[in-house]
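Heads up, the thing below is written out as structure tokens.
In this note's numbering, the protein residues as written are 24 to 609.
Here it is in structure tokens:
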């Protein structure tokens, strides 16, 4: 091997800040990295950080070490030096209580962002790769990529291998439906407990059959697909199963691609634009993505001070039809979507709604990537002329109950007559209060035609904008149907069957209109016309506001208190302010 040219005293003379920084990196970092075991030759190469959310806490992350090793192998093949760091990758579905399982998602997203920013801002690297699965990890990494603005590429952990139950592929959504259905039968036949336990063992064996993300169009899979749509993942990689050789091949290609991006200094700011964000929103409408995508993509826009309001979402929603019936919006699982061609085929189907000039991590544009994609006949990814719903899956609602907007995924609603109806309000001030009422019938019961209003659970409300999946399950256990659920909180991507309207903004804790509602108020929901209104006069609303006081938040503690004190509203992404001036903004 040829020896490097020997430096002279003049070569290391330091007279400027730039020379000092070069000296500090060349020699100061060298002594630290050598202590790890890296050699001088390795330290002369471009340095690529591999940020891995591996953990043994959930199936979505337990296999990520193998993907990380593939990424690092690709980096080495491309002539660079990888080093790996870890960030949290929890699954909040594993909480012991309703609140444990609900209220840490968004604080964790901000914690992941802060962790990566602090690690890589001071830990010098030429580029980095994010590896993760599940909902808050992916947007946390994307926010860090936008904030650091260094060459970046993301690879998802992939989906589970689906299992079959009673002749169809099954995942967590359908598995939970079966569990609830059988539990209802148990109430009428309590002597069949042993049979029920045996059935539960059979079903739970089927729900999660391998490592990987849940196999439905959940929040995690929605965000993985949208990261690809935005241009930050390799085409087709967002739906590859997590435990197949193809995922390792992709990981090695990712390792090679990040080195090329670093050499060319292609940064997130070169890829992320208002038009690429609109591409992501269009894809979201077509794949029937979850409602949490709204706060995550809006947080990206806030991070880079991009002017993207909910009106942009509404405009796209009205013209891009829903094409994919992946559960909970249809009978298919994500593996079916992958076999039908995955996101490249979907994007080719809707290419007339996309900006094909947007750059991606391949180094090519969206249009250049799609030029190689061949369309296939499939009921999983339908053509534009045969959609599963004529408009986008998400509808943005406004009115005197949500002046700044609310969101619903109307493709999951089983009884479509509920989309345009006047409801009677039944108001609750917490998730626990709501669930206790549903299970016990006290202090109030719900019946068809009611609007279940759950307030004070928005970003500033203390529970840190939890998801209402537990409420949906309690409704199914109580066998309450044909109602609307309206909240300033969120809904899980697993939500199925009900008209679930979330993110009502501004939230009740800061004086939003939900705070003024009383039992018996008439609420008009009009999804086709995108309206959400309470039938009260402005004068009556003003009288109620004059008597209203916010709940006392003083008992909130720890990370939740930090999050709630600083969180922005849902239409701004429900995250922490990105700049000092944001603390003074509305």
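No residue lacks a Cβ here, since even glycine has one placed at the ideal position from N, Cα and C. Quick caveat, the model's predicted, so the values are computed rather than measured.
message = Alpha carbons only, please: which of 607, 599 and 603 is nearest the one belonging to residue 129?
response = Cα-wise, what sits closest to residue 129 is 599.
task = Run the CB neighbour count on residue 75, radius 10 Å, all protein chains shown included, and call it buried at 16 or more, exposed below.
result = Buried is the call here.
query = Can you name the start and end residues of the beta strand (DSSP E) that residue 528 belongs to?
reply = According to the DSSP assignment, residue 528 belongs to the beta strand (DSSP E) that extends over 522-528.
ask   = For residue 106, which beta-bridge partners are listed by DSSP?
value = Beta-bridge pairing links residue 106 to 72.
query = If you draw a straight line from the C-alpha of residue 554 to the C-alpha of residue 446, how long is it?
reply = Rounded to the nearest angstrom, the two C-alpha atoms are 13 Å apart.
request  = Give a yes or no on whether the C-beta atoms belonging to residue 174 and residue 285 are separated by under 8 Å.
outcome  = Yes.
key: Assigned exposure category for residue 325 - 16 Cβ within 10 Å defines buried   = Flag for residue 325 reads buried.
ask   = Do the stretch 177-185 and the stretch 345-360 make contact, defined as three or more Cβ pairs closer than 8 Å?
value = Flag = yes, the stretch 177-185 and the stretch 345-360 touch.
request  = With distances taken Cα to Cα, identify the nearest neighbour of residue 476 among 464, 494 and 483.
outcome  = Residue 494 is the option with its Cα nearest to residue 476.
query = Cα separation between residue 205 and residue 498?
reply = Approximately 15 Å between the Cα atoms of the pair.
Element boundaries [alpha helix (DSSP H), containing residue 307] = Counted as a single uninterrupted DSSP element, the alpha helix (DSSP H) harbouring residue 307 occupies residues 297-310.
inquiry  = Pairs of beta-carbons, one from the stretch 417-428 and one from the stretch 377-389, closer than 8 Å: are there three or more?
reply    = In short, these stretches do not touch, since the Cβ pair count stays below three.
inquiry  = So, with DSSP's three-state summary, where would you put residue 229?
reply    = In this structure, DSSP gives residue 229 a helical state, which the three-state scheme calls helix.
key: Secondary structure of residue 421, DSSP reduced to three states   = Note: residue 421 maps to strand in three-state DSSP.
query = For residue 589, which of 399, 546 and 488 has the nearest alpha-carbon?
reply = If you compare the alpha carbons of 399, 546 and 488 with that of residue 589, the shortest gap goes to 488.
ask   = In whole angstroms, what is the alpha-carbon distance linking residue 277 and residue 97?
value = For residue 277 and residue 97, the distance between alpha carbons rounds to 7 Å.
task = My understanding is that residue 139 touches residue 104, with C-beta atoms under 8 Å, so please give their C-beta distance in whole angstroms.
result = The C-beta separation of residue 139 from residue 104 comes to about 19 Å, leaving the pair out of contact by the 8 Å criterion.
message = So, under 8 Å CB-CB, residue 406 and residue 374 are touching, yes? Tell me the CB distance rounded to an integer number of Å.
response = Not a contact, Cβ separation roughly 12 Å.
inquiry  = Tell me which residue opens and which closes the alpha helix (DSSP H) that residue 340 is part of.
reply    = From DSSP, the alpha helix (DSSP H) with residue 340 extends over 333-340.
inquiry  = Whole angstroms are fine: how far does the CA of residue 279 sit from the CA of residue 24?
reply    = Model confidence at residue 24 stands at a pLDDT of 47, short of 50, so the residue's coordinates are unreliable; what they give is reported in the following sentence. Between the C-alpha atoms of residue 24 and residue 279 there is a straight-line separation of about 24 Å.
key: Segments assigned alpha helix (DSSP H), at least 4 residues, entirely inside the stretch 153-207   = Listed in chain order, the complete alpha helix (DSSP H) runs (minimum 4 residues) inside the stretch 153-207 are 160-171.
query = Beta-carbon separation of residue 512 and residue 485 under 8 Å?
reply = Taking the C-beta atoms as reference points, residue 485 is found no nearer than 8 Å to residue 512.
message = In this structure, how does DSSP classify residue 24 when only helix, strand and coil are distinguished?
response = Model confidence at residue 24 stands at a pLDDT of 47, short of 50, so the residue's coordinates are unreliable; what they give is reported in the following sentence. It is coil, neither helix nor strand.
Selection from 349, 430, 296 and 327 that minimises the alpha carbon distance to residue 316 = The closest CA to that of residue 316, considering only 349, 430, 296 and 327, is found on 430.
inquiry  = Whole angstroms are fine: how far does the CA of residue 223 sit from the CA of residue 203?
reply    = Annotation: residue 203 to residue 223 spans about 10 Å, alpha carbon to alpha carbon.
Supposed close pair residue 302, residue 252 - CB separation, criterion 8 Å = Contact between residue 302 and residue 252 holds, since their C-beta atoms are separated by about 6 Å, short of 8 Å.
query = Given that a residue counts as buried once 16 or more other Cβ atoms are within 10 Å of its Cβ, and exposed if not, what is residue 433?
reply = Flag for residue 433 reads buried.
message = My output table needs one value for residue 549: the three-state DSSP class, helix, strand or coil.
response = In the structure shown, residue 549 sits in a strand (DSSP, three-state: E or B).
message = Does the stretch 105-115 come into contact with the stretch 74-90, if we say contact requires no fewer than three beta-carbon pairs (one atom in each stretch) closer than 8 Å?
response = At 8 Å Cβ cutoff, the stretches touch.
ask   = How should residue 270 be labelled, buried or exposed, when 16 other C-beta atoms within 10 angstroms of its C-beta is the threshold for buried?
value = With 16 or more other Cβ atoms within 10 Å, it is buried.
key: Residue ranges of each beta strand (DSSP E) within the stretch 468-517, 3 or longer   = Taking only runs of at least 3 residues, the beta strand (DSSP E) segments lying wholly in the stretch 468-517 are 473-477 and 507-510.
request  = Determine, using beta carbons only, whether residue 241 and residue 178 come nearer to each other than 8 Å.
outcome  = Not a contact, by the Cβ cut-off of 8 Å.
ask   = Between residue 194 and residue 233, what straight-line distance do the alpha-carbon atoms span, to the nearest angstrom?
value = When rounded, the distance between both Cα atoms is 11 Å.
query = What residues match up with residue 413 in a beta bridge as DSSP calls it?
reply = None; residue 413 has no bridge partner.
key: Selection from 450, 516 and 530 that minimises the alpha carbon distance to residue 482   = For residue 482, the nearest C-alpha among the options comes from 530.
request  = Use the C-beta contact count for residue 399: other C-beta atoms within 10 angstroms, 16 or more gives buried, fewer gives exposed.
outcome  = So residue 399 ends up on the exposed side.
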